[in-house]
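Student: Numbering (mature numbering (1 follows the signal peptide of the UniProt record, and there is no 0)), first residue to last: 1 to 480. What follows is a single structure, and I will ask about it in a moment.
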Ligand code: FRU
């Protein structure tokens, strides 16, 4: 059957039915992580854009709730949400702060895009529209990300002038009146049509001086990514509440957020406890998002990831690791220790939703591969090429054809060295997420099977390799 009914993924969020795109309004409040999302309540193609809603106590088990911000005279495009603890907006009631959503209203008649505010006094279940707060008369002005900037005691908004490929910064004392502060653009955008879904947050430098931090500005772009399609890129710099100042000697070429094809429009949670910076992306590529062969839902989020910044010499890396909460859903099903593979393979039995960590050493093989095959011979291959220190995902033969841009091989190079290599692979029915080098290298790719269960095996091709350890955990389907 093709397209295929997509049983609910085990531990990734997908709506019960219909179309979903970007994550929106990510905020933590009273024990709940909120995940709003671009949603079409009326079909499985883009349209009638509204904010769908789901909540979770642990970022893994999600409960889908009714639409929170419906389409009205304007569609509710992407945006963010904050908790107005100091009641700067006056939207709070009964001593409780309001949850305030700041989003782009798209007027289908004029195509104008401007920024709107709506607030909720019932933990995000329903919103009251306050109205339009910024209108620059543009049809390409969208995706406001707002947060409280304590040093200036102001709200800060980063929003894109999409086709100008510029991030604009605004500030506000009360979420209603906004002042334009500055703009940022960069030569790395030259190969893309636009910028979308900006993000701005401060991160500790993992291996930096004590207390060292930097600001990260990330933007998604509609095309021109590593695989030609949509992708995210990021910058490191300083932010003083007014302007973003790029780190000296930053390259003119893009630093990609992910080396795969399917990680877009990433947004981070405001107010996440324990100072963690967590984000999630829409797991698809704009080239084929509307052709994804699943029903009754079309749209899937990545696993939520914890972020850190890492320095490698003069170079910066953005590290992403699956949130630790996932570990509670794991059941160990397989462990291999010190297994030598010599032009040989070994069957794995991980099921459809699993978490695997493998450490490979003493390799003279050309390739170590993890191959998933279906009953009709379609294959998806995850692997490591020691000579070039590349990890890759090859989905040139993964599933029957549904879009010309889908079949591709995605590659990223690991840091230099010749020690053991550790890979972590999360797989959940139609998505795989590969993490290496402490999360500084990631490949996020969708893949599809024709039929039946997948058989996985690990092989050493063209030589030998030792699996120092390989652990496979099945991931239980969280009940929501
Ligand atoms: C990104 C995007 C945003 C916009 C939203 C509309 O995928 O184009 O720029 O706000 O989707 O659904």
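For glycine and all other residues, C-beta sits at the position ideal for the given N, C-alpha and C.
Please name the residue, chosen from 368, 134, 355, 214, that lies closest to residue 427 on a Cα-to-Cα basis.
Tutor: Closest option to residue 427, Cα to Cα, is 355.
Student: With a threshold of 7 Å, establish whether the CB of residue 77 neighbours any heavy atom of the ligand FRU.
Tutor: Because some heavy atom of the ligand FRU lies under 7 Å away, the Cβ of residue 77 counts as near it: yes.
Student: List the whole-angstrom C-beta distance separating residue 160 from residue 142, where the pair is believed to meet the contact cut-off of C-beta under 8 Å.
Tutor: That pair is a contact at about 6 Å.
Student: Can residue 135 be considered in contact with the ligand FRU, in the sense that its beta carbon sits closer than 7 Å to one or more heavy atoms?
Tutor: No, since every heavy atom of the ligand FRU falls outside the 7 Å radius drawn around the Cβ of residue 135.
Student: Buried or exposed: where does residue 31 fall if 16 or more other Cβ atoms within 10 Å of its Cβ makes it buried?
Tutor: Per the 10 Å Cβ criterion, exposed.
Student: Which ranges does the beta strand (DSSP E) cover as unbroken runs of at least 3 residues, wholly within the stretch 149-179, from first to last along the chain?
Tutor: Fully enclosed beta strand (DSSP E) runs of 3 or longer: 154-161, 166-172.
Student: How long is the line joining the alpha carbons of residue 328 and residue 191, rounded to whole angstroms?
Tutor: Spanning the two alpha carbons is a distance of roughly 42 Å.
Student: I'd like to know whether the C-beta atoms of residue 254 and residue 267 end up nearer to each other than 8 Å.
Tutor: Taking 8 Å as the Cβ cut-off, residue 254 and residue 267 do not qualify as a contacting pair.
Student: State the Cα-Cα distance for the pair residue 151 and residue 443, rounded to the nearest angstrom.
Tutor: Roughly 36 Å separates the two Cα atoms.
Student: Once DSSP output is grouped into helix, strand and coil, what is the label at residue 47?
Tutor: The answer is coil: DSSP assigns residue 47 none of H, G, I, E or B.
Student: Hey, quick one: how far does the beta strand (DSSP E) through residue 323 stretch, first residue to last?
Tutor: Segment: none, residue 323 is in no beta strand (DSSP E) and carries neither H nor E.
Student: Compute the distance between the beta-carbons of residue 133 and residue 81, then report whether it is under 8 Å.
Tutor: No, Cβ-Cβ distance for residue 133 and residue 81 is not below 8 Å.
Student: Which of helix, strand or coil does DSSP assign to residue 255?
Tutor: Correct three-state label for residue 255: coil.
Student: Across which residues does DSSP place residue 250 in a beta bridge pair?
Tutor: Partner(s): none; residue 250 has no beta bridge.
Student: Please check the pair residue 439 and residue 265, which I expect to be a contact at CB under 8 Å, by giving their CB distance rounded to whole angstroms.
Tutor: About 20 Å separates the two Cβ atoms, so there is no contact after all.
Student: Less than 7 Å between the CB of residue 142 and some heavy atom of the ligand FRU, yes or no?
Tutor: Flag set: Cβ of residue 142 near the ligand FRU.
Student: If you measure between the beta carbons of residue 185 and residue 166, is that distance less than 8 Å?
Tutor: Cβ distance < 8 Å, so residue 185 and residue 166 count as in contact.
Student: I'd like to check one pair, residue 14 with residue 297: are the Cβ atoms closer than 8 Å?
Tutor: Taking 8 Å as the Cβ cut-off, residue 297 and residue 14 qualify as a contacting pair.
Student: Cutting at 6 Å between CB atoms, please list the residues of its own chain near residue 345, excluding the five before and the five after it.
Tutor: Correct list, in chain order: 457, 459.
Student: Out of curiosity, what's the CA-to-CA distance linking residue 71 and residue 422?
Tutor: Between residue 71 and residue 422, the C-alpha separation is close to 46 Å.
Student: Kindly indicate which residue of 475, 58, 59 has the alpha-carbon position closest to the one of residue 331.
Tutor: Out of 475, 58, 59, 475 has the C-alpha closest to the C-alpha of residue 331.
Student: Should residue 344 be flagged as near chain C, meaning a C-beta pair shorter than 8 Å?
Tutor: Note that chain C does not occur in the displayed structure, where there is just one protein chain.
Student: Using 10 angstroms around the beta-carbon of residue 494, count the other beta-carbons present and answer buried if the total reaches 16, otherwise exposed.
Tutor: Outside the displayed range of the chain (1 to 480) lies residue 494, so it cannot be described from this structure.
Student: Secondary structure at residue 204, three-state DSSP: helix, strand or coil?
Tutor: It is a strand residue.
Student: Could you tell me the alpha carbon to alpha carbon distance between residue 103 and residue 64, rounded to whole angstroms?
Tutor: For residue 103 and residue 64, the distance between alpha carbons rounds to 20 Å.
Student: The ligand FRU and residue 22: does the residue's C-beta get closer than 7 Å to at least one heavy atom of that ligand?
Tutor: Yes, the beta carbon of residue 22 sits closer than 7 Å to at least one heavy atom of the ligand FRU.
Student: To the nearest whole angstrom, what separates the beta carbons of residue 467 and residue 391, a pair I think is in contact under 8 Å?
Tutor: 16 Å between Cβ atoms; not a contact.
Student: My assumption, with CB atoms under 8 Å, is that residue 448 sits in contact with residue 398. Please give the rounded CB distance.
Tutor: The Cβ separation is near 6 Å, so the contact holds.
Student: On the DSSP letters alone, give me the boundaries of the beta strand (DSSP E) that residue 190 sits inside.
Tutor: First-last for residue 190: undefined, no H or E at that position.
Student: Would you call the stretch 244-251 in contact with the stretch 287-301, where contact means no fewer than 3 C-beta pairs closer than 8 Å?
Tutor: Judged by Cβ distances under 8 Å, the stretch 244-251 makes no contact with the stretch 287-301, as fewer than three pairs qualify.
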